[in-house]
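Novice: Chains A and B, in that order, are what the protein sequence lines are. Read left to right, the first sequence gives residues 1 to 164 (our numbering). Read left to right, the second sequence gives residues 165 to 328 (our numbering). We put the beta carbon where it would ideally sit given N, CA and C, even for glycine. Since we're looking at a predicted model, the values are computed, not measured. A single structure is presented below for examination.
Number of protein chains: 2
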Amino acid sequence: MAEASIRNAKSEIDGEEQTFKIRRLEISDKRKGYMELLGQLTVAGSVTDEEFDRRFEEISSYGDDHLICVIEDESSGRIAATGSVMIEKKFLRNCGKVGHIEDIVVDSGVRGKHLGKKVVEFLTDHCRSMGCYKVILDCSVENKVFYEKCGLFNRGIQMSKYFD
Amino acid sequence: MAEASIRNAKSEIDGEEQTFKIRRLEISDKRKGYMELLGQLTVAGSVTDEEFDRRFEEISSYGDDHLICVIEDESSGRIAATGSVMIEKKFLRNCGKVGHIEDIVVDSGVRGKHLGKKVVEFLTDHCRSMGCYKVILDCSVENKVFYEKCGLFNRGIQMSKYFD
Chain A
1 MAEASIRNAK SEIDGEEQTF KIRRLEISDK RKGYMELLGQ LTVAGSVTDE EFDRRFEEIS
61 SYGDDHLICV IEDESSGRIA ATGSVMIEKK FLRNCGKVGH IEDIVVDSGV RGKHLGKKVV
121 EFLTDHCRSM GCYKVILDCS VENKVFYEKC GLFNRGIQMS KYFD
Chain B
165 MAEASIRNAK SEIDGEEQTF KIRRLEISDK RKGYMELLGQ LTVAGSVTDE EFDRRFEEIS
225 SYGDDHLICV IEDESSGRIA ATGSVMIEKK FLRNCGKVGH IEDIVVDSGV RGKHLGKKVV
285 EFLTDHCRSM GCYKVILDCS VENKVFYEKC GLFNRGIQMS KYFD
């Protein structure tokens with residue numbers, strides 16, 4: 001089922017001289033600059049290959065309930081954009097499901113090509129196909145307009161607590 | 165491990181004439197008004213016992229990565245408050261983890277007894293013990309002050325998209 005949904009969702013996005021492929025994260029993407037890309041969003045840290053592989057397997061064990069999508073720049077073999085979604089199973093809304101989108105980032109060298117929007121659409125389509133009644137994400141006020149262009153609307157505020 | 169964490173976290177909150185016990189959701193809580201309580205937050209729907217049990221087992225299969233906590237009013241045998249937290253496994257922040265708190269609700273008949281704060285603390289303590297670097301939640305602007313009293317701070321905004 002996971003494989004099929006990747007194949008169905010796989011599509012080409014043609015840039016001026018680049019070909020971008022959108023697909024699910026693969027374990028070999030660490031070698032394609034995936035962690036460096038996350039480092040453009042926040043502190044990525046120095047993750048060893050073993051730590052990466054272990055976390056990859058942990059996330060993979062959730063199957064379609066935790067999907068990480070990437071866009072690969074096929075001309076350079078580097079990961080150009082990513083985003084993830086985790087599906088929450090609730091009791092309310094007739095045992096409804098909600099998609100939580102996280103960690104959308106586009107490489108600074110390839111911005112302006114709508115790759116971020118493609119990532120959000122890929123994740124949103126996944127949530128719809130999984131039967132979610134909504135998809136949500138948190139962002140800064142500065143990114144509100146971008147997500148509105150992706151079809152989302154501001155509903156509330158995010159609260160957070162960091163542990164020492 | 166799950167059992168131990170429940171026992172450790174179990175505590176009594178003494179009301180004027182009521183005794184409240186905080187613990188993890190049990191499958192028998194549907195008979196104690198759990199769905200009716202969720203209905204005070206949003207549309208709960210008409211969930212059959214079979215649907216409830218199936219969803220309970222699905223959520224239980226995540227172990228400590230998806231915890232639903234309830235406060236039972238022991239004098240009435242009814243569920244007085246609830247909240248849930250889902251732990252997201254990331255690659256960034258050195259393969260960090262984040263707790264997503266959802267669906268905090270206190271029965272309208274027992275408000276003003278700090279039960280909501282107890283639920284948030286229970287869930288937050290769980291996230292800390294699971295090694296999360298932060299806990300987040302979304303709320304309306306009206307509930308900002310309540311969550312600030314729980315030790316959380318406003319960091320951004322929530323965006324959402326509802327499917328038809």
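Is it buried or exposed for A/Lys10, if we count other Cβ within 10 angstroms and need 16 for buried?
Specialist: Translated into the one-based positions of the first sequence, residue 10 of chain A becomes position 10. Low local confidence applies: a pLDDT of 42 at A/Lys10 is under 50, so the model's placement there is unreliable, with the coordinate-based value given in what follows. Exposed is the call here.
Novice: Would you mind stating whether A/Asp107 and A/Ile68 have Cβ atoms separated by less than 9 Å?
Specialist: Taking the first residue of the first sequence as 1, we reach residue 107 of chain A at position 107. Taking the first residue of the first sequence as 1, we reach residue 68 of chain A at position 68. 9 Å or more divides the Cβ of A/Asp107 from the Cβ of A/Ile68.
Novice: Could you pull out every unbroken beta strand (DSSP E) segment of at least 3 residues lying fully inside the segment 30–79 of chain A, listed in chain order?
Specialist: Within the segment 30–79 of chain A, the complete beta strand (DSSP E) runs of at least 3 residues are 66–73.
Novice: Per DSSP, which one or two residues make a beta bridge with A/Glu102?
Specialist: Indexing the first sequence from 1 puts residue 102 of chain A at position 102. Partner(s): A/Ser84.
Novice: Among B/Gly280, B/Asp267, B/Val249, which has the Cα closest to the Cα of B/Met294?
Specialist: As a working mapping, residue 294 of chain B is identified with position 130 in the second sequence. For the residues B/Gly280, B/Asp267, B/Val249, the minimum Cα distance to B/Met294 belongs to B/Val249.
Novice: Tell me the DSSP bridge mates of A/Leu137?
Specialist: Locating residue 137 of chain A in the first sequence gives position 137, counting from the first residue. A/Leu137 pairs with A/Ile101, B/Met323.
Novice: Keeping to the same chain, check which residues put their C-beta closer than 7 Å to that of B/Cys303; ignore five residues upstream and five downstream.
Specialist: Within the second sequence, the letter at position 139 stands for residue 303 of chain B. If we look at B/Cys303 and ignore the five residues flanking it on each side, its Cβ neighbours are Tyr311.
Novice: Nearest to A/Asp49 by CA position, among A/Ala81, A/Cys127, A/Tyr133, A/Tyr34, is which residue?
Specialist: The residue given as residue 49 of chain A occupies position 49 in the first sequence. Sorting A/Ala81, A/Cys127, A/Tyr133, A/Tyr34 by C-alpha distance to the C-alpha of A/Asp49 places A/Tyr34 at the top.
Novice: Taking Cβ-Cβ distances shorter than 9 Å, what residues in chain A pair up with B/Val234?
Specialist: Looking up residue 234 of chain B in the second sequence gives position 70. Going along chain A, no residue has its Cβ under 9 Å from B/Val234, so there is no contact; the nearest lies around 11 Å.
Novice: For B/Lys282, decide whether its Cβ has a neighbour in chain E, counting only Cβ atoms nearer than 9 Å.
Specialist: Considering every chain present, this structure includes no chain E. Its protein chains are A and B.
Novice: With three or more C-beta pairs closer than 8 Å as the rule, is the segment 37–46 of chain A touching the segment 55–66 of chain A?
Specialist: no
Novice: One question on the structure: do B/Arg219 and A/Lys21 come within less than 9 Å of each other, judged by their Cβ atoms?
Specialist: Residue numbering aside, residue 219 of chain B sits at position 55 when the second sequence is read from its first letter. Residue numbering aside, residue 21 of chain A sits at position 21 when the first sequence is read from its first letter. Result no, Cβ atoms of B/Arg219 and A/Lys21 do not sit closer than 9 Å.
Novice: For the segment 293–317 of chain B, which residues have a CB atom closer than 7 Å to at least one CB atom of chain A, in sequence order?
Specialist: Cys296, Tyr297, Lys298, Val299, Ile300, Leu301, Asp302, Cys303, Ser304, Val305, Lys308, Tyr311, Gly315, Leu316, Phe317
Novice: Can you pull out the residues from the segment 218–242 of chain B whose beta carbon lies closer than 7 Å to at least one beta carbon of chain A?
Specialist: Legend: CB atoms of the segment 218–242 of chain B lying less than 7 Å from CB atoms of chain A belong to residues Arg219, Glu222, Ile223.
Novice: Residues of chain A with CB under 9 Å from B/Glu252, in chain order?
Specialist: Reading the second sequence from its first residue, position 88 is the one you call residue 252 of chain B. What B/Glu252 touches in chain A: His66, Ser84, Met86, His100, Glu102.
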